[in-house]
Amino acid sequence: MTSARAGRRRRLLHEGANASSSSADNSAPPIPTAGGRYALREDSVSAHIAADLAPRSAAALAACTAAAGALVAGLVAIDAYGLAAASSGVPGGRLLLLDGVGSIAGWVGSAAWLVVAALSLVVFGLRRQRMDDVRCAYRWWLAGGVAATLLSANAATHSHQILAGLIADSTGFSPLPANAFWWLALGLPIFGLLAVRLVVDASASRLAVAA
């Protein structure tokens, strides 16, 4: 009940702010809204970033999807080559492995997670201006940005392996190889629930689901 009241109050404040800004400056072009569900302010940084970066055509969306696929395929290829190089004794082969601390693939993955975190914050800035979000679901995108930042740090340092090793050593229980049970048991419920919640929230936009 409190959350619903807060959502209605925020919606009314947005309507009032939008009306006052429109009456104060009629010459400024309004920012397009999606079906009237958003009350985007003229000074909204997230709206301007999204207007410049978001794909607005099928070709642009296909290019972004291809770039993301190429990044994932490149990481897999680098890891496979690094594994073959490390097995044959080539110097520096371990630097190409995804699970190698300080590896090239790890740093590329870390940078990719930082991009995800930045995009999550942009979506957070947009979603908080949605007028029909009475349950304040936009806060999940802030949690997604924080989670992506943590995953970025983990991709570079492999902290999950260190934590899993400490838990396995203290409990003497690790049924999966490389102590994978512990980081799966801890990470999957948390990040899995967050991922499902964000996908459900993004389902309101067909473009967001496709991306």
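Straight run, no breaks: the sequence shown in my numbering ends on number 212.
We put the CB at the ideal spot given by N, CA and C, even for glycine.
Residues near residue i by beta carbon distance below 7 Å, same chain, minus five either side
{"i": "A157", "result": "G107, W108, S111"}
{"i": "S47", "result": "V123, G126, L127"}
Status (buried if at least 16 other CB within 10 Å, exposed otherwise) for residue i
{"i": "I191", "result": "exposed"}
{"i": "L97", "result": "buried"}
{"i": "S153", "result": "buried"}
{"i": "R140", "result": "exposed"}
{"i": "R129", "result": "buried"}
Rounded C-alpha distance that separates residue i from residue j
{"i": "G145", "j": "V116", "result": "12 Å"}
{"i": "R197", "j": "S45", "result": "As written in the sequence, residue 197 is Val, which differs from the Arg given in the question. Taking the straight line joining both Cα atoms gives about 28 Å."}
{"i": "A148", "j": "L122", "result": "11 Å"}
{"i": "H161", "j": "A64", "result": "33 Å"}
{"i": "G193", "j": "I79", "result": "26 Å"}
{"i": "F182", "j": "S171", "result": "14 Å"}
{"i": "A74", "j": "E43", "result": "40 Å"}
{"i": "L120", "j": "A60", "result": "20 Å"}
Residues near residue i by beta carbon distance below 6 Å, same chain, minus five either side
{"i": "T150", "result": "A118"}
{"i": "I163", "result": "none"}
Helix, strand or coil at residue i according to DSSP, with G and I counted as helix
{"i": "A35", "result": "With a pLDDT of 48 at A35, under the threshold of 50, the modelled position of that residue is not reliable, and the figure given next carries that caveat. Coil at A35, not helix or strand."}
{"i": "R128", "result": "helix"}
{"i": "A74", "result": "helix"}
{"i": "D134", "result": "coil"}
{"i": "F174", "result": "coil"}
{"i": "S160", "result": "helix"}
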